[in-house]
Amino acid sequence: AQSVAQPEDQVNVAEGNPLTVKCTYSVSGNPYLFWYVQYPNRGLQFLLKYITGDNLVKGSYGFEAEFNKSQTSFHLKKPSALVSDSALYFCAVRDMNSGGYQKVTFGTGTKLQVIP
Amino acid sequence: KAGVTQTPRYLIKTRGQQVTLSCSPISGHRSVSWYQQTPGQGLQFLFEYFSETQRNKGNFPGRFSGRQFSNSRSEMNVSTLELGDSALYLCASSLAFGASGVQETQYFGPGTRLLVL
């Protein structure tokens, strides 16, 4: 069955330090992968997606994610965390080869807390 | 340019009733997607529309339905409401679908918070 795992409910990182939010997935076919961020007063926003091509995907606000097919992972990274990055982050996978309707599955979310 | 608007923002219904939620995409956007967010089930994909055609749907019962109009505005309807339908319903619009069959960058509305009593 298709699934997305975000193994950490919360990640704490000091401002200025690099951050990583982990995501692993399981699909029967080839995946499309997404990251979204939900700020308390600004709603849900799309950050980035991996469709094909370069395994390192760059997105909004200085975030990037690396697709690793062998480890079935799509971790979100940023070289230097800002307090304003504190939010809830969701990873999602879409099975491009599912035929007919393409199944879309979200992870449970990881709360990122950047400490000043 | 105005963002994605959703109406109403808040709604209280009772079990057994039906509800219709509306989403107006960003001007020029032709794709609309719907999502449900609950504390228990998290984020779940409901539907995806492009040019009045449903292109994808999630694993929800037939009580959940949607449509898209010629002006790209979309509505979703939930009939015979259950307590578990209480949720934040999010709509997102995007310009179109890329060659991959996945939407271009999505822009989300503020959501409609539905409470079923």
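Protein chains in written order, with this note's numbering: chain A, -9 to 106; chain B, 6 to 122.
Just so it is clear, CB atoms sit at the ideal spot from N, CA and C, and this is done for glycine as well.
Predicted model only: the values in this text are computed from it and were never measured.
Given this structure, state the Cα-to-Cα distance separating residue i from residue j, to the nearest angstrom.
i, j, result
"residue 13(A)", "residue 54(A)", "13 Å"
"residue 19(B)", "residue 121(B)", "5 Å"
"residue -1(A)", "residue 10(A)", "13 Å"
"residue 60(B)", "residue 53(B)", "6 Å"
"residue 77(B)", "residue 56(A)", "34 Å"
"residue 106(A)", "residue 25(B)", "44 Å"
"residue 83(B)", "residue 44(A)", "41 Å"
"residue 1(A)", "residue 78(A)", "10 Å"
"residue 28(A)", "residue 92(A)", "24 Å"
"residue 61(A)", "residue 80(A)", "19 Å"
"residue 62(B)", "residue 94(A)", "9 Å"
"residue 92(B)", "residue 43(B)", "5 Å"
"residue 63(A)", "residue 7(A)", "22 Å"
"residue 71(B)", "residue 40(A)", "28 Å"
"residue -8(A)", "residue 21(A)", "10 Å"
"residue 50(B)", "residue 118(B)", "16 Å"
Of all Cβ atoms in chain B, is any one closer than 9 Å to the Cβ of residue i?
i, result
"residue 33(A)", "yes"
"residue 82(A)", "yes"
"residue 15(A)", "no"
"residue 93(A)", "yes"
"residue 98(A)", "yes"
"residue 108(A)", "What the structure shows of chain A is the stretch from -9 to 106, and residue 108(A) is not part of that stretch, so it cannot be assessed."
Grab the span of the beta strand (DSSP E) containing residue i for me, first residue to last.
i, result
"residue 80(A)", "77 to 85"
"residue 64(B)", "Here residue 64(B) belongs to no beta strand (DSSP E), and DSSP marks it neither H nor E."
"residue 31(B)", "It is not in any beta strand (DSSP E) - residue 31(B) carries neither H nor E in the DSSP assignment."
"residue 72(B)", "69 to 73"
"residue 51(A)", "Here residue 51(A) belongs to no beta strand (DSSP E), and DSSP marks it neither H nor E."
"residue 17(B)", "15 to 18"
"residue 119(B)", "117 to 121"
"residue 48(B)", "47 to 55"
"residue 89(B)", "That residue, residue 89(B), is in no beta strand (DSSP E); it is neither H nor E in DSSP."
"residue 21(A)", "21 to 29"
If we define contact as Cβ-Cβ less than 9 Å, is residue i a contact residue for chain A?
i, result
"residue 13(B)", "no"
"residue 33(B)", "no"
"residue 112(B)", "yes"
"residue 97(B)", "yes"
"residue 40(B)", "yes"
"residue 116(B)", "yes"
Worksheet item: Between the region 69 to 86 of chain A and the region 1 to 19 of chain A, are three or more C-beta pairs nearer than 8 Å?
Response: Yes, they touch.
Worksheet item: Along the region 34 to 68 of chain A, what residues have a CB closer than 8 Å to any CB found in chain B?
Response: The residues in question are 34, 35, 36, 39, 41, 42.
Worksheet item: Within the chosen definition, does the region 113 to 120 of chain B reach the region 22 to 40 of chain A through at least 3 CB pairs nearer than 8 Å?
Response: Flag = yes, the region 113 to 120 of chain B and the region 22 to 40 of chain A touch.
Worksheet item: Which residues, taken in chain order from the region 48 to 73 of chain B, show a beta carbon closer than 8 Å to some beta carbon of chain A?
Response: Along the region 48 to 73 of chain B, going in chain order, the ones with a CB nearer than 8 Å to a CB of chain A are 48, 49, 50, 61, 62, 63, 64.
Fill in: Three CB pairs or more closer than 8 Å across the region 38 to 49 of chain A and the region 7 to 25 of chain B
Contact between the region 38 to 49 of chain A and the region 7 to 25 of chain B is absent, with fewer than three C-beta pairs closer than 8 Å.
Discussion item. Does the structure place the region 28 to 44 of chain B close enough to the region 90 to 100 of chain B that three or more beta carbon pairs sit under 8 Å?
Written reply: The region 90 to 100 of chain B is in contact with the region 28 to 44 of chain B.
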